[in-house]
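Input: a single structure, listed below in structure tokens.
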Amino acid sequence: MGNTEMRRLGRKVVANGVTLNVVDEGDGLPVLLLHGFPDSSHLWRHQIPALTGAGYRVIAPDQRGFGLSDRPQDAKSYGHELLMADAIAVLDDAGVDRAALVTHDWGAAIGWLLAERHPERFTCHAALSVGPLAAYHGCRDIRQREKSWYTLFFQYAGVAEKSLKADDWRLFREWTRHHPEVDHWIADLSREGALTAALNWYRANVFSMPVGERAGIRVPTLGLWSDQDAYLIEEQMSTAGRYVDADWRYERIQGASHWMMLDCPQHIDRLLLGFLRRYPAPAVPRGEVATR
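Heads up, the working numbering is the position in the sequence shown plus 1322, with the first residue counted as 1.
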């Protein structure tokens, strides 16, 4: 099956100056899935059928710069305020007032901000791999600084792109630890402007996202971290509960890389479904925009 065929073609949503490809499948309680780098909604290909099969409606955008969505080349088009506005616009377009939120990587970084600033829009939040920025910066451990080297390297526009693609994407393959998904990522990032668009998430946000000492998140939250994560240490997720003023649960996933939803999908599906079922909320019928 070709790379394009593997992607789920969704409906087009115009949001904040870009057109997003949004997968919208199933009926019932809505769940918003937000991916990170270097992915697309294709990341959730195991979770989508599990969720829809359990009676949920899945809304999974290709976030701006990724997948089949627009790829602006200006780093200013990827600031966290715009990324949050995209997520809210996707919910509004779907006629959804409140949804469960499931996020990973950069999607989780944005998800924590969404839960903090728009708690009225989310019944609960399952964050995979990435904890709140305050917890990340609170880890004054050299191990995290060593793991985060690439966030600084990605700031060098042009240099990073050239280095990652050189010698049949050797550095990128090594950076992903030769994950089985790597050829799919390379095919996606090889499209015109795709690599720069993806790296712009780092260029727009690494030094500008807000870091609060006390986020006061009022949305029930599940944090998942995997013990083979090459980019993040456990403490930035395991200590995240101190920033949550609601139900908090932490799970350590054994034997999985940063992309735990690909490495052990059935286990992740069970954890997500068990968590989501604890926080039901009335679904908004398709085509109806809820009033707030």
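Beta carbons: idealized from backbone N, C-alpha and C, even for Gly.
What three-state label does DSSP hand residue i in the structure shown?
i: Asp-1346; result: strand
i: Thr-1374; result: helix
i: Thr-1543; result: strand
i: Tyr-1572; result: strand
i: Ser-1548; result: strand
i: Leu-1331; result: coil
i: His-1426; result: strand
i: Arg-1608; result: The predicted position of Arg-1608 is uncertain, since its pLDDT is 43 and thus under 50; no value can be drawn from it.
i: Leu-1595; result: helix
i: Gly-1324; result: Reliability fails at Gly-1324, whose pLDDT of 37 lies under 50, so the model's placement of it is uncertain and no value is given.
i: Ile-1694; result: Given that the chain is displayed from residue 1323 to residue 1614, the structure contains no residue 1694 and the question cannot be resolved.
i: Met-1559; result: helix
i: Trp-1497; result: helix
i: Ser-1530; result: coil
If residue i sits next to residue j, beta carbons under 8 angstroms apart, how far is it from one beta carbon to the other, in whole angstroms?
i: Val-1344; j: Leu-1373; result: Actually they are not in contact, since the Cβ atoms of Val-1344 and Leu-1373 sit about 15 angstroms apart, beyond 8 angstroms.
i: Leu-1355; j: Ser-1363; result: 7 angstroms
i: Leu-1546; j: Leu-1593; result: 7 angstroms
i: Ile-1432; j: Ala-1409; result: 7 angstroms
Can the beta-carbon of residue i be found less than 9 angstroms from the beta-carbon of residue j?
i: Leu-1511; j: Trp-1497; result: no
i: Thr-1425; j: His-1447; result: yes
i: Trp-1491; j: Val-1481; result: no
i: Gly-1332; j: Ala-1382; result: yes
i: Leu-1342; j: Val-1412; result: yes
i: Val-1340; j: Ser-1391; result: yes
i: Arg-1393; j: Leu-1404; result: no
i: Gly-1429; j: Arg-1379; result: no
i: Gln-1477; j: Leu-1554; result: no
i: Asp-1591; j: His-1357; result: no
i: Leu-1544; j: Ala-1449; result: yes
By DSSP's criteria, residue i is part of a beta bridge. Which residues make up the other side?
i: Ala-1382; result: Val-1345
i: Val-1336; result: Thr-1341
i: His-1618; result: With the chain represented from 1323 up to 1614, any question about residue 1618 goes unanswered, as that position is not in the structure.
i: Pro-1352; result: Arg-1379
i: Val-1566; result: Ile-1539
Between the Cα of residue i and the Cα atoms of the options, which residue gives the shortest distance?
i: Gly-1563; options: His-1402, Ala-1457 and Trp-1366; result: Ala-1457
i: Arg-1525; options: Thr-1561, Arg-1574, Glu-1514 and Gln-1395; result: Gln-1395
i: Ile-1370; options: Leu-1493, Asp-1346 and Leu-1404; result: Asp-1346
i: Gly-1389; options: Glu-1514, Ile-1432, Pro-1532 and Ser-1530; result: Glu-1514
i: Asp-1427; options: Ser-1399, Glu-1468, His-1506 and Trp-1366; result: Trp-1366
i: Asp-1499; options: Ser-1470, Gln-1550, Asp-1414 and Asn-1522; result: Checking the displayed sequence, the identity of residue 1499 turns out to be Arg instead of Asp. Minimum Cα distance to Arg-1499 is reached at Gln-1550.
i: His-1501; options: Pro-1360, Arg-1574 and Tyr-1400; result: Pro-1360
Compare the C-beta of residue i with all C-beta atoms of chain B and state if any pair is closer than 9 angstroms.
i: Leu-1404; result: The structure shown has no chain B; it contains just one protein chain.
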